């Protein structure tokens with residue numbers, strides 16, 4: 009177990025900047041960003057300038073010798089304990105497995121993989137080598153969702169029976185590789201819908217059993233809109249509506265999750281939790297009563313490696329979400345663009 013985690017970042021696009029910001033919340037000495045990799049060297053150099061603003065995670069400035077354009081070169085030449093993978097979705101499997109086989113812990117951005125077969129191999133490889141595999145689902149570190157999971161799994165509200173959820177975003181202006189199926193492996197389901205899919209499975213601790221899917225590409229190469237009707241392993245039914253066609257110009261996400269149980273319900277709306285009792289009385293949960301947990305996936309990832317925390321977003325969560333996503337695409341007859349088809 010390292011005393012300080014030496015991290016390499018693969019993919020230096022916009023989301024990598026958020027990972028750096030999250031890592032900056034660590035206590036000094038817990039982690040160090042040791043290397044950056046991107047096929048566009050200038051993009052990596054711009055990220056290096058940002059990393060160097062945070063002395064707590066860059067006690068020694070990132071210089072040219074710490075910047076790589078080839079992923080394999082970074083794995084071979086840099087002194088690393090872990091890798092954060094922020095590359096297009098279709099690269100996640102190969103890059104994750106390569107890192108794991110070198111004995112490196114991995115935090116992989118969502119979606120974890122394109123296919124169930126890929127996700128299974130990633131989970132198995134990490135388990136075989138006793139390495140930490142974390143998926144970038146930040147809702148696991150948001151107190152309102154953590155509270156909802158505990159409330160549901162405690163049985164206090166009875167058995168979950170129905171979940172209604174929706175998520176909206178402007179995927180078109182999010183741009184980048186999201187609209188290219190060869191890189192993204194899908195549209196809004198993979199881009200941001202995977203957050204909603206994961207959180208439903210996580211707060212109910214279930215797996216998908218059956219999926220009926222409806223999708224609309226709206227003239228784009230991938231689906232912009234999707235509505236999924238899902239049967240979960242505990243018998244509950246879920247309705248998941250996902251939109252990438254919001255008209256606002258920015259890429260922020262708005263979502264809502266409501267879970268009705270046999271003796272009440274729980275609603276998560278705009279980051280606020282409401283509990284409904286058996287007599288339909290609805291109470292807003294005071295934020296002061298929400299659990300104190302790790303602030304984000306990156307801090308949790310590092311502190312899991314250091315033995316200070318439990319992995320809040322293990323690979324199994326990514327596997328379950330990938331399973332539901334694959335079932336949805338198969339239901340509409342869309343082939344899975346993975347190198348490892350089932």
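In my numbering, the protein residues as written are 9 to 350.
Every residue, glycine too, gets a C-beta built ideally from N, C-alpha and C.
All of these numbers come straight from a predicted model, not from anything done at the bench.
Of the residues 152, 210, 187, the one placed nearest residue 199, counting alpha carbons only
187
If you count every other CB in all the chains shown that lies within 10 Å of the CB of residue 280, and 16 or more means buried, which is it?
exposed
Hey, out of 213, 57, 316, whose CA is closest to residue 11's CA?
316
Nearest-angstrom Cα distance between residue 215 and residue 147?
18 Å
Alpha carbon to alpha carbon, what distance is there between residue 32 and residue 220?
42 Å
Along the chain, where does the alpha helix (DSSP H) containing residue 100 start, and where does it finish?
100 to 109
Identified DSSP bridge partners for residue 174:
249, 264
How about residue 208 and residue 171: are their beta carbons less than 7 Å apart?
yes
To which residues of the same chain is residue 49 closer than 7 Å at the C-beta, ignoring the five residues directly before and after it?
75, 77
Of all the options 272, 313, 57, which has the alpha carbon lying nearest to the alpha carbon of residue 289?
272
Among 240, 196, 203, which one has its Cα closest to the Cα of residue 217?
240
Would the stretch 133 to 140 count as touching the stretch 151 to 164 if we require 3 or more Cβ pairs under 8 Å?
no
State the CB to CB distance for the pair residue 212 and residue 168, rounded to an integer number of angstroms; the pair is presumed to be in contact (CB under 8 Å).
5 Å
Could you check whether the Cβ of residue 343 sits closer than 6 Å to any heavy atom belonging to the ligand ADP?
What this structure holds is no ligand at all, so the ligand ADP is not there to describe.
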